[in-house]
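Student: Line by line, the protein sequences give chains A and B.
Note that the UniProt record's numbering has the first sequence beginning at 1, numbered continuously upward.
Note that the UniProt record's numbering has the second sequence beginning at 1, numbered continuously upward.
For reference, the structure I am asking about is given below.
Protein chains: 2
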Amino acid sequence: MENFIPEALFSMLERRDELSVAERKALESLSWRQRSYGDGDEIIPERSEPTESCLLVEGLAARSRQLANGNRQLTAVHVPGDFVDLHGLLLKVMDHAVMALAPCRMAFAPHSEVRRIAAEFPHLGRLLFMTVAIDAAIQRNWIACMGRMDPLRHIAYLVCEVYCRLDVVGQVKDRAFDFPVTQSEVADLVGLSIVHTNRTIQELRASGHVTWQGNQVIVHDWDGLARLADFDPTYLNLVRRPR
Amino acid sequence: MENFIPEALFSMLERRDELSVAERKALESLSWRQRSYGDGDEIIPERSEPTESCLLVEGLAARSRQLANGNRQLTAVHVPGDFVDLHGLLLKVMDHAVMALAPCRMAFAPHSEVRRIAAEFPHLGRLLFMTVAIDAAIQRNWIACMGRMDPLRHIAYLVCEVYCRLDVVGQVKDRAFDFPVTQSEVADLVGLSIVHTNRTIQELRASGHVTWQGNQVIVHDWDGLARLADFDPTYLNLVRRPR
DNA sequence: CGTTTAATTGAAAAGTATCAAAGGATGTGG
DNA sequence: CCACATCCTTTGATACTTTTCAATTAAACG
Numbered sequence: 001m002e003n004f005i006p007e008a009l010f011s012m013l014e015r016r017d018e019l020s021v022a023e024r025k026a027l028e029s030l031s032w033r034q035r036s037y038g039d040g041d042e043i044i045p046e047r048s049e050p051t052e053s054c055l056l057v058e059g060l061a062a063r064s065r066q067l068a069n070g071n072r073q074l075t076a077v078h079v080p081g082d083f084v085d086l087h088g089l090l091l092k093v094m095d096h097a098v099m100a101l102a103p104c105r106m107a108f109a110p111h112s113e114v115r116r117i118a119a120e121f122p123h124l125g126r127l128l129f130m131t132v133a134i135d136a137a138i139q140r141n142w143i144a145c146m147g148r149m150d151p152l153r154h155i156a157y158l159v160c161e162v163y164c165r166l167d168v169v170g171q172v173k174d175r176a177f178d179f180p181v182t183q184s185e186v187a188d189l190v191g192l193s194i195v196h197t198n199r200t201i202q203e204l205r206a207s208g209h210v211t212w213q214g215n216q217v218i219v220h221d222w223d224g225l226a227r228l229a230d231f232d233p234t235y236l237n238l239v240r241r242p243r
Numbered sequence: 001m002e003n004f005i006p007e008a009l010f011s012m013l014e015r016r017d018e019l020s021v022a023e024r025k026a027l028e029s030l031s032w033r034q035r036s037y038g039d040g041d042e043i044i045p046e047r048s049e050p051t052e053s054c055l056l057v058e059g060l061a062a063r064s065r066q067l068a069n070g071n072r073q074l075t076a077v078h079v080p081g082d083f084v085d086l087h088g089l090l091l092k093v094m095d096h097a098v099m100a101l102a103p104c105r106m107a108f109a110p111h112s113e114v115r116r117i118a119a120e121f122p123h124l125g126r127l128l129f130m131t132v133a134i135d136a137a138i139q140r141n142w143i144a145c146m147g148r149m150d151p152l153r154h155i156a157y158l159v160c161e162v163y164c165r166l167d168v169v170g171q172v173k174d175r176a177f178d179f180p181v182t183q184s185e186v187a188d189l190v191g192l193s194i195v196h197t198n199r200t201i202q203e204l205r206a207s208g209h210v211t212w213q214g215n216q217v218i219v220h221d222w223d224g225l226a227r228l229a230d231f232d233p234t235y236l237n238l239v240r241r242p243r
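Right, here's the structure in full:
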């Protein structure tokens with residue numbers, strides 16, 4: 001893939017710290033390989049041992065864990081700009097799968113090269129690993145949502161988070177964004193049954209803070225929604241500062 | 001603190017990869033500062049901006065998130081050897097607190113020095129950031145437990161995980177370990193009410209796989225317990241290989 | 001030995017899952 | 001353009017799980 005420029009990754013990182021020209025060039029210099037996936041496709045299988053890190057360029061993806069009882073839990077959502085598989089670089093064996101929630105374009109770069117630029121540019125390396133730490137922070141919040149929030153607030157929180165993360169990469173227009181997931185997928189995100197998820201989404205609509213029809217979500221009243229969900233974006237680290 | 005040797009950290013890392021002499025020396029050379037905490041003490045406050053990373057040397061700690069509705073959710077347990085606050089190095093502002101679940105001894109090292117050795121020894125840096133990725137993997141599993149497992153399996157899973165992690169640092173003897181947490185804390189770990197947690201622990205005892213009296217947990221039938229919890233330790237990355 | 005904290009129990013209320021079915025939207029082939 | 005199939009959303013009713021409230025018992029501590 002000649003001359004692939006990971007723009008969304010730049011947005012994601014530069015929202016948190018400054019990237020030097022050399023660092024940008026280093027990221028561009030990786031031998032990126034691009035590939036597209038259809039809705040529901042498996043991007044990285046559970047138990048596989050990837051040799052490339054992958055970056056979500058376009059679309060929406062999720063981490064998925066299949067349980068013995070047949071249930072599925074989605075443990076993370078990924079938006080364009082997310083370096084989805086740095087985890088695999090550090091951990092070797094996938095303990096979960098990565099799947100496309102919608103048609104996706106992914107860009108892959110060899111672990112060896114990522115390791116090399118991380119060693120050569122320690123600050124860039126820290127920024128890359130920071131994205132892993134941000135993923136961890138997001139997951140901690142999900143744990144809190146699942147354990148101690150009622151379904152209405154939990155789903156409201158999900159909307160707030162996705163809104164903020166999509167906004168970073170310019171995918172929110174006029175307080176609206178595209179969220180191409182079925183209610184069954186939302187159920188697997190929040191850990192509820194489909195029926196209860198449906199009723200909760202209706203309740204959220206009735207609260208008046210959002211319109212959520214088909215794949216489009218419009219946030220009419222951000223402050224009210226954030227208050228409802230007790231949403232504090234600190235954990236997303238949307239502050240530009242030396243790291 | 002002259003000549004502090006982070007033995008538990010060595011065990012933790014060497015269980016995953018080989019440490020060179022230079023890397024060990026680099027870790028020993030940090031200007032460690034040690035401090036003790038009592039049961040329930042706050043080690044790192046929410047919203048603080050730590051300038052030191054902290055390592056749990058002895059005791060048991062947890063990450064804690066306080067919600068607006070007054071509820072508390074514990075999002076991680078930490079055992080000796082865990083570099084609890086690398087997150088703070090990468091993320092700057094704490095989005096949660098770290099607290100002592102039992103009397104703890106912590107060792108602190110300045111972020112600047114940790115950054116320096118990570119840059120100077122890229123492989124060691126990767127291993128340190130690997131611990132963040134392992135924390136993330138653990139949290140993903142917690143999400144799956146909370147969302148899609150019934151309480152009995154969830155608590156069984158917690159026992160399996162703590163067992164494995166304490167075993168890495170030599171804290172399991174004769175299939176038994178010390179687990180100095182109240183049922184109210186277990187409730188905040190798994191996201192259930194105290195009453196239901198109590199009943200579930202009784203159910204777990206009745207299954208015959210474990211004895212859990214006071215602070216001592218004895219696992220009589222590891223295979224049975226792991227089968228009950230659908231526990232697969234892959235995500236703990238307990239395999240020694242180049243990373 | 002009294003005081004406090006933690007563990008345990010019972011019963012009622014609230015929340016959630018499951019089952020079964022009915023609408024709605026979309027896409028295909030005739 | 002219609003008939004049909006498919007997938008998703010929505011609804012109602014019932015069974016089950018979990019929380020909450022209110023006590024009681026047990027253990028730890030000065």
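For every residue, glycine included, the Cβ atom is placed at its ideal position computed from N, Cα and C.
Taking only beta carbons into account, state which residues of the stretch 126 to 157 of chain B come closer than 8 Å to chain A, listed in chain order.
Tutor: R126, F129, M130, V132, A133, I134, D135, A136, A137, Q139, R140, N141, W142, I143, A144, M146, G147, R148 and M149
Student: What residue ranges within the stretch 34 to 61 of chain A form continuous beta strand (DSSP E) runs of no fewer than 3 residues, ordered along the chain?
Tutor: Those beta strand (DSSP E) runs which fall completely within the stretch 34 to 61 of chain A and span 3+ residues are 42 to 44 and 52 to 58.
Student: May I ask which residues mark the beginning and end of the beta strand (DSSP E) holding T178/A?
Tutor: According to the sequence displayed, residue 178/A carries Asp and not Thr. A176 to D178 is the span of the beta strand (DSSP E), which, as asked, contains D178/A.
Student: Starting from M106/B, trace the beta strand (DSSP E) both ways and give me its first and last residue.
Tutor: For M106/B, the uninterrupted beta strand (DSSP E) run begins and ends at C104 to P110, by DSSP.
Student: Within this structure, are the beta carbons of R148/B and L158/A separated by less than 8 Å?
Tutor: no
Student: Residues in its own chain within less than 7 Å of L9/A by CB, not counting five upstream and five downstream?
Tutor: L27, L55, G81 and F83
Student: Using a beta-carbon distance cut-off of less than 7 Å, what residues from the stretch 86 to 103 of chain A approach chain B?
Tutor: H87, L90, L91, K92, V93, D95 and H96
Student: 8 Å is my cut-off, CB to CB: does T200/B come that close to chain A?
Tutor: no
Student: Counting Cβ pairs, one atom from each stretch, are 3 or more of them under 8 Å apart for the stretch 161 to 180 of chain A and the stretch 217 to 225 of chain A?
Tutor: At 8 Å Cβ cutoff, the stretches touch.
Student: Is there a C-beta anywhere in chain A that falls below 8 Å from the one on Q73/B?
Tutor: Using a CB distance cut-off of 8 Å, Q73/B counts as an interface residue toward chain A.
Student: Any beta-carbon of chain B closer than 8 Å to the one on Y235/A?
Tutor: Taking CB atoms only, Y235/A has a neighbour in chain B less than 8 Å away.
Student: Starting from M99/B, follow the beta strand (DSSP E) in both directions and report where the run begins and ends.
Tutor: A97 to A100
Student: If we count the other Cβ atoms within 10 Å of its Cβ and call it buried at 16 or more, is D223/A buried or exposed?
Tutor: exposed
Student: Measuring CB to CB, does M106/B end up less than 8 Å from I43/B?
Tutor: At a Cβ-Cβ threshold of 8 Å, M106/B and I43/B count as neighbours.
Student: Examine the ligand NAD and report whether any of its heavy atoms sits within less than 7 Å of the Cβ of G208/B.
Tutor: This structure lacks the ligand NAD, and indeed carries no ligand of any kind.
Student: Exposed or buried, which one is N69/B when buried takes at least 16 other CB atoms within 10 Å?
Tutor: exposed
Student: Whose CA, out of E7/B, S36/B and A22/B, lies closest to the CA of V99/B?
Tutor: Note that residue 99/B is Met in the sequence shown here, rather than Val. Considering only alpha carbons, the answer is S36/B.
Student: Evaluate contact between the stretch 162 to 176 of chain B and the stretch 5 to 25 of chain B, counting only Cβ atoms and requiring at least three cross-stretch pairs below 8 Å.
Tutor: yes
Student: With DSSP collapsed to three states, give me the class of I218/B.
Tutor: strand
Student: Is there a Cβ from chain B that is less than 8 Å from the Cβ of R24/A?
Tutor: no
Student: Using DSSP's beta-bridge definition, name the partner residues of A76/B.
Tutor: Looking at the DSSP output, A76/B sits in a beta bridge with R63/B.
Student: Who are the near neighbours of V181/A in its chain, counting only those whose CB is closer than 6 Å to its CB and skipping five residues on each side?
Tutor: L101
Student: Just to confirm, are H87/B and A133/A a CB contact at a threshold of 8 Å?
Tutor: yes
Student: Helix, strand or coil: which one does DSSP assign to L21/B?
Tutor: The amino acid at residue 21/B is misidentified as Leu; the sequence shows Val. Reduced to three states, the DSSP call for V21/B is helix.
Student: Where S211/A and P151/A are concerned, what is the direct C-alpha to C-alpha distance, given to the nearest angstrom?
Tutor: What sits at residue 211/A in the sequence shown is Thr, not Ser. T211/A and P151/A: Cα-Cα distance of roughly 17 Å.
Student: For chain B, is any of its Cβ atoms less than 8 Å away from the one on R243/A?
Tutor: Yes - at least one Cβ of chain B is within 8 Å of the one on R243/A.
Student: Under 9 Å Cβ-Cβ, which residues of chain B neighbour residue 247/A?
Tutor: Because chain A spans 1 through 243 in this model, residue 247/A falls outside it and cannot be assessed.
Student: With the cut-off set at 8 Å, would you say R65/B and A144/A are in Cβ contact?
Tutor: yes
Student: Under a three-way DSSP split, which group does V239/B fall into?
Tutor: It is coil, neither helix nor strand.
Student: Who are the neighbours of R165/B on chain A, taking C-beta pairs under 9 Å?
Tutor: Near R165/B there are no residues of chain A at all, since even the closest Cβ is about 15 Å away, more than 9 Å.
Student: Rounded to a whole number of angstroms, what is the C-alpha to C-alpha distance between Y235/B and S112/B?
Tutor: 30 Å
Student: By the three-class DSSP mapping on this structure, what secondary structure does Q171/B have?
Tutor: coil
Student: Please say whether L192/A and V77/A have beta carbons closer to each other than 8 Å?
Tutor: no
Student: Mind checking N141/A: buried by the 16 CB within 10 Å criterion, or exposed?
Tutor: buried
Student: Please list the terminal residues of the continuous alpha helix (DSSP H) segment that includes T200/B.
Tutor: I194 to A206
Student: Any C-beta of chain A sitting closer than 8 Å to the C-beta of P45/B?
Tutor: It does not: the Cβ of P45/B has no partner Cβ on chain A nearer than 8 Å.
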